[in-house]
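Numbering-wise (our numbering), the sequence shown opens with residue 3 and increments by one.
Ideal Cβ placement from N, Cα and C applies to all residues, glycine included.
Structure, as C-alpha cells:
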Amino acid sequence: MTSTVDLNCDLGESFGPWEMGNDAAMIELATSVNVACGFHAGDADIMRRTVEMAKAKGVSIGAHPGYRDLHGFGRRPVPGMKSSEIENLVAYQIGALQAIATAAGHKVTHVKAHGALSNVACEDDMTANAIASAIKAVDPSLIFVVLANSKLVTAGEKANLSMAHEVFADRAYGDDGLLVSRSKPGAVLHDPKVIADRVVRMVQDGAVISVTGKIMKMRTDTVCIHGDTAGAVEIAREVRNALDAAGITVAPFKTASVIRTGGSTACPG
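See below:
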C-alpha cells in the first residue's frame with residue numbers, strides 16, 4: 003500500500019486574454035503542477051504568473067512540453083517528426099520554463115509530456131526515447147513523469163532518469179493499460195465522488211481498473227487531475243479530502259521516498 007502520493011495538475015494553459023481553468027484554486031489543492039510552455043498553450047506572461055503562484059504556495063513545478071499546436075491544444079499528433087526534432091521541441095520548452103522559473107526565484111523539478119506527444123510516446127519507442135534524451139541533455143536531475151507501464155518508462159530507464167509513475171484520476175483506461183482516446187464516450191470522468199473513490203483504490207492497491215473491469219497493476223507515485231476538465235476544482239477537492247480520510251499523505255514527489263532511478267522502476271503487469 004502506498005502511504006504517500008503526489009497530486010499533480012496541468013496548469014498555465016491559458017493564452018493571452020483567453021482563460022483556461024482556475025489555476026489559483028487548483029494550486030491550493032495540488033502538490034505539483036505541470037506548466038504549459040507556449041507550444042500547446044500558455045505564453046511567457048502566463049508561465050510567469052503560474053510559477054509565481056506555485057512558489058507562493060510551496061508547490062513544485064514542471065515543464066509540460068507538447069507539439070507546436072495552439073489551435074488543437076496539443077491533442078493532435080504531428081506525424082513525420084524526426085527524433086532530433088522531437089528532442090529540440092522538448093528541450094526548447096524545458097529551457098523556456100527554466101528561464102521563467104529562475105526569473106521568479108523558483109526551480110523546475112520535473113518534466114511531463116502533454117497530450118498527443120505523450121500519447122504517441124506511450125506506444126512509440128522513438129518518440130519516448132527522444133523525450134527522455136532531451137530531458138537528460140538539459141538537466142539529468144529532472145524527474146521524468148511517465149505513464150505507468152508505457153514505453154515512457156522504458157525510455158526513462160534507458161536514459162537513467164529518476165521517474166515518477168503517473169495514474170490519471172479523471173481518465174478511463176483501456177485493457178492495454180493506456181488511456182482511452184478522448185474521442186470515445188466515457189474517456190473523461192466527471193463525478194467527483196466516483197473519481198475520489200477510484201483514486202483511493204488506485205493508490206492503496208497500486209492498480210487501475212479498465213473500462214471492461216480488468217485489474218492492472220500500476221505503480222502510483224503521482225495522480226493527475228486535468229485543470230481543463232469540467233469541475234476540476236471540485237474533483238481535486240474531493241480527491242484531496244478522500245486521500246486525507248484514507249490516511250494517505252499528499253506530498254510533492256520530489257520529496258517522496260517512492261522515486262527510483264534506472265532499472266528498479268518497472269512495474270509488473
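To which residues of the same chain is residue 111 closer than 8 Å at the C-beta, ignoring the five residues directly before and after it?
-> Sequence index remark: in the sequence shown, residue 111 carries index 109 (1-based). Here the set comprises 34, 62, 63, 64, 144, 145, 254, 256.
Residue 272 versus residue 50: straight-line alpha-carbon distance, rounded = Summary: the structure shown does not reach residue 272, with the chain confined to residues 3 through 271, and so no result is reported for it.
Report the residue from 109, 129, 48, 95 whose alpha carbon sits nearest the alpha carbon of residue 84.
-> Walking along the sequence shown from the start, residue 84 turns up at place 82. Nearest of 109, 129, 48, 95 to residue 84, Cα basis: 129.
Assign residue 272 to one of three DSSP states: helix, strand, or coil.
-> No statement about residue 272 is possible, as the shown extent of the chain runs from 3 to 271 and does not include it.
Residue 69 versus residue 118 - alpha carbon distance | Here residue 69 corresponds to residue number 67 of the sequence shown, with the count starting at 1. Here residue 118 corresponds to residue number 116 of the sequence shown, with the count starting at 1. Approximately 7 Å, taken between the alpha carbons.
Can you say whether residue 19 is buried or exposed, counting buried as having 16 or more other CB atoms within 10 angstroms of its CB?
-> For the purposes of this step, residue 19 is taken as residue 17 along the sequence shown, with counting starting at 1. With fewer than 16 other Cβ atoms from the protein chains shown falling within 10 Å of its own Cβ, residue 19 counts as exposed.
Residues bridged to residue 90 by DSSP?
-> What you label residue 90 is simply residue 88 of the sequence shown in a count that begins at 1. The partner list for residue 90 (beta bridge, DSSP) is empty, contrary to what the question assumes.
Roughly how many whole angstroms lie between the Cα atoms of residue 179 and residue 56?
-> Here residue 179 corresponds to residue number 177 of the sequence shown, with the count starting at 1. Here residue 56 corresponds to residue number 54 of the sequence shown, with the count starting at 1. Their backbone Cα atoms lie some 31 Å apart in a straight line.
Boundaries of the beta strand (DSSP E) in which residue 183 is found, first to last residue | Counted from its first residue, the sequence shown places residue 183 at position 181. Unbroken run through residue 183: none, as it is neither H nor E.
Other residues of its chain near residue 240: CB distance less than 8 Å, five sequence neighbours each side excluded = By 1-based counting over the sequence shown, the position of residue 240 is 238. In the same chain as residue 240, and ignoring 5 residues on each side of it, the C-beta atoms closer than 8 Å to its own belong to 194, 195, 197, 198, in chain order.
Can you tell me the Cα-Cα spacing of residue 107 and residue 92, whole angstroms?
-> By 1-based counting over the sequence shown, the position of residue 107 is 105. By 1-based counting over the sequence shown, the position of residue 92 is 90. Straight-line spacing of the CA atoms in residue 107 and residue 92 works out to 22 Å.
Give me the Cα-Cα distance between residue 274 and residue 207, rounded to the nearest whole angstrom.
-> With the chain covering only 3 through 271, there is no way to say anything about residue 274.
Local Cβ density within 10 Å of residue 185, reported as buried at 16 or more and exposed below that = What you label residue 185 is simply residue 183 of the sequence shown in a count that begins at 1. Its Cβ having fewer than 16 others within 10 Å, residue 185 is exposed.
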